[in-house]
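Read the structure below first, then the notes.
Chains as they are written, first to last, in the numbering used here: chain C, 2 to 259; chain L, 1455 to 1698.
Below is the structure:
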């Protein structure tokens, strides 16, 4: 322990140590380094959570109508939406985020204080994660809509509701409930995949973790820093899953099997 | 004037003709029971009335007006339908099943709709289940809610598509009881059912349909006792044996 304290204080040791192979053993001093940077990591956690929320929201706004169009839309429209979905689902997410960030002429925004993020990078990451999530969410909703028995629409139509009213009041409320498990899955995937924003340098958790252990003299802290952010990801997914399960229970149909 | 009139109605699915020149009429207050083997076109005939299925030839008149000239939602407001598989809205309570049409189609307020729904649930004997969801109800209760949902729209005519076929035998009686009460109250009904006891005691007319054609139509007594066609005797005999 004394040894580590000395290391931190002696520049020459720092240089020597950076040149030696990375020491993977967990060390108290490295944990102290993580703890000392809690606010920096907290800001990264906030970025990760914000990016998850904006991406999922964009994914829902794009995916729900897309799923409905695939079921109810005219042939051409439904075909176009479906093709776009196939392309998005067939592109690696890292490729997509790099393509959008460096390939699209996005406006240059400034950066946000404290969070220390480049807004343009945040927008790129939101577009990539959001559109990709929309492509998957559309399949969750499409499946849920198609799983609703045709008799439900017929019954609504036979009391005089228009097809539109029947879809809105009878199909969608049931389809959304059935989508919840799929949506929960999607939530977890997007949350974890926010880490690909690392590829465009957005200051989310993973980027910040790297920024920390690349600091001179902290090469030994790789394991500690990564373990710390792993724990943060785990807590976020765990809490989210539990919350969504509660939502599912709250809105499930009494006596129903879903 | 007749309340419902079929005039040379035909309907095909591809090459298969499911209804062939079907002609008959129903006066207000009549209870018409349709029987026939599976695939004879019974359900299609019912579904043509409220245009869940569109006909290919002939015409159907409701109270003198060609149903094809009517707005289909306006038509369906006047024709109630009860399904074999109930088709209750799974996400709404018994009361909610009845109120949906009242608020969305008739424009009643939520409160008015709930009051009216409760009256009709009372009428079919499931008032105590108003807050239950379909999955919490027995088959007989579900079908009675289905009847209340259709009745609450105050239709001129009720269509019943094998309303007891999906029920356990001990639950059939409660649904037939409700239908009997309806008939006694003067509701005009067109029912596809193989409940011969109901047909004999309640129906004003019985129609035997086979291969999309009306083989024979008349009072239940006549069709049971002295049918014109051997095929009618044979089919009704089988049905009666089955339900003994």
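Where a beta carbon is used, it is the ideal one built from N, C-alpha and C, also for glycine.
Closer than 8 Å by beta-carbon distance: list the chain B residues that pair up with residue i, in chain order.
{"i": "residue 179 of chain C", "result": "Protein chains C and L are contained in the structure displayed, whereas chain B is not."}
Where does residue i land, buried or exposed, given buried means 16+ other C-beta within 10 angstroms?
{"i": "residue 1463 of chain L", "result": "buried"}
{"i": "residue 109 of chain C", "result": "exposed"}
{"i": "residue 1476 of chain L", "result": "buried"}
{"i": "residue 7 of chain C", "result": "Low local confidence applies: a pLDDT of 42 at residue 7 of chain C is under 50, so the model's placement there is unreliable, with the coordinate-based value given in what follows. Exposed: under 16 other Cβ atoms inside 10 Å."}
{"i": "residue 1640 of chain L", "result": "exposed"}
{"i": "residue 209 of chain C", "result": "buried"}
{"i": "residue 1522 of chain L", "result": "exposed"}
{"i": "residue 1686 of chain L", "result": "buried"}
{"i": "residue 239 of chain C", "result": "exposed"}
{"i": "residue 250 of chain C", "result": "exposed"}
{"i": "residue 1683 of chain L", "result": "exposed"}
{"i": "residue 1493 of chain L", "result": "exposed"}
{"i": "residue 1534 of chain L", "result": "buried"}
{"i": "residue 132 of chain C", "result": "buried"}
{"i": "residue 235 of chain C", "result": "exposed"}
{"i": "residue 231 of chain C", "result": "exposed"}
{"i": "residue 1554 of chain L", "result": "buried"}
{"i": "residue 62 of chain C", "result": "exposed"}
{"i": "residue 13 of chain C", "result": "With a pLDDT of 44 at residue 13 of chain C, under the threshold of 50, the modelled position of that residue is not reliable, and the figure given next carries that caveat. Residue 13 of chain C is exposed by the Cβ-count criterion."}
{"i": "residue 1542 of chain L", "result": "buried"}
{"i": "residue 1491 of chain L", "result": "exposed"}
{"i": "residue 1681 of chain L", "result": "buried"}
{"i": "residue 1467 of chain L", "result": "exposed"}
{"i": "residue 214 of chain C", "result": "buried"}
{"i": "residue 48 of chain C", "result": "buried"}
{"i": "residue 252 of chain C", "result": "exposed"}
{"i": "residue 1649 of chain L", "result": "buried"}
{"i": "residue 16 of chain C", "result": "Any reading at residue 16 of chain C is ruled out, since the residue's pLDDT is 44, under 50, leaving its predicted position unreliable."}
{"i": "residue 103 of chain C", "result": "exposed"}
Skipping 5 residues on each side, what residues in its chain have a beta carbon closer than 8 Å to that of residue i?
{"i": "residue 52 of chain C", "result": "123, 126, 127, 130, 195, 198, 203 and 205"}
{"i": "residue 1642 of chain L", "result": "1457, 1458, 1480, 1481, 1482, 1483, 1484, 1485, 1610, 1611 and 1612"}
{"i": "residue 4 of chain C", "result": "Confidence at residue 4 of chain C is low in this model, with a pLDDT of 45, below 50, so the placement of that residue is unreliable and no value is reported for it."}
{"i": "residue 1471 of chain L", "result": "1464, 1465 and 1666"}
{"i": "residue 187 of chain C", "result": "57, 60, 134, 137, 138 and 141"}
{"i": "residue 1675 of chain L", "result": "1654"}
{"i": "residue 1559 of chain L", "result": "1527, 1531 and 1607"}
{"i": "residue 2 of chain C", "result": "With a pLDDT of 40 at residue 2 of chain C, under the threshold of 50, the predicted position of this residue should be treated as unreliable, and no value is reported."}
Identify the residues that DSSP records as bridge partners of residue i: which are they?
{"i": "residue 1479 of chain L", "result": "L:1459"}
{"i": "residue 112 of chain C", "result": "C:119"}
{"i": "residue 1484 of chain L", "result": "DSSP lists no partner for residue 1484 of chain L."}
{"i": "residue 1546 of chain L", "result": "Partner(s): none; residue 1546 of chain L has no beta bridge."}
{"i": "residue 1653 of chain L", "result": "Paired residue(s): none; residue 1653 of chain L is not in a bridge."}
{"i": "residue 1465 of chain L", "result": "L:1473"}
{"i": "residue 1662 of chain L", "result": "L:1489 and L:1670"}
Against residue i, what residues of chain C qualify as contacts under a CB-to-CB distance less than 9 Å, listed in chain order?
{"i": "residue 1467 of chain L", "result": "Result: empty, since nearest Cβ-Cβ is about 16 Å, beyond 9 Å."}
{"i": "residue 1607 of chain L", "result": "160 and 161"}
Chain L partners of residue i, CB-CB under 8 Å?
{"i": "residue 255 of chain C", "result": "1586, 1587, 1589 and 1590"}
{"i": "residue 140 of chain C", "result": "Result: empty, since nearest Cβ-Cβ is about 22 Å, beyond 8 Å."}
Leaving out five residues before and five after residue i in sequence, what residues of the same chain have Cβ atoms less than 6 Å from its Cβ?
{"i": "residue 1513 of chain L", "result": "1461 and 1520"}
{"i": "residue 1652 of chain L", "result": "1630"}
{"i": "residue 1603 of chain L", "result": "1551 and 1552"}
{"i": "residue 1538 of chain L", "result": "1615, 1616, 1619 and 1620"}
Which residues in chain L sit within 7 Å of residue i, going by Cβ to Cβ distance?
{"i": "residue 155 of chain C", "result": "1506 and 1541"}
{"i": "residue 152 of chain C", "result": "1537, 1539 and 1541"}
{"i": "residue 170 of chain C", "result": "1554 and 1558"}
{"i": "residue 1 of chain C", "result": "Only positions 2 to 259 of chain C appear in this structure, which leaves residue 1 of chain C out of reach."}
For a contact defined as C-beta to C-beta under 7 Å, what are the partners of residue i on chain C?
{"i": "residue 1559 of chain L", "result": "160, 161 and 162"}
{"i": "residue 1603 of chain L", "result": "160"}
CB-CB under 7 Å to residue i, same chain, minus the five flanking residues each way: which ones, in chain order?
{"i": "residue 1593 of chain L", "result": "1620, 1621, 1622 and 1625"}
{"i": "residue 1478 of chain L", "result": "1460, 1661, 1668 and 1671"}
{"i": "residue 200 of chain C", "result": "95, 98 and 99"}
{"i": "residue 1595 of chain L", "result": "1580 and 1583"}
{"i": "residue 27 of chain C", "result": "224 and 225"}
For a contact meaning CB atoms closer than 9 Å, what does residue i contact in chain L?
{"i": "residue 174 of chain C", "result": "1543, 1545 and 1546"}
Selection of the stretch 1527-1552 of chain L by Cβ proximity to chain C, strictly under 7 Å
1527, 1530, 1531, 1535, 1537, 1539, 1541, 1543, 1544 and 1545
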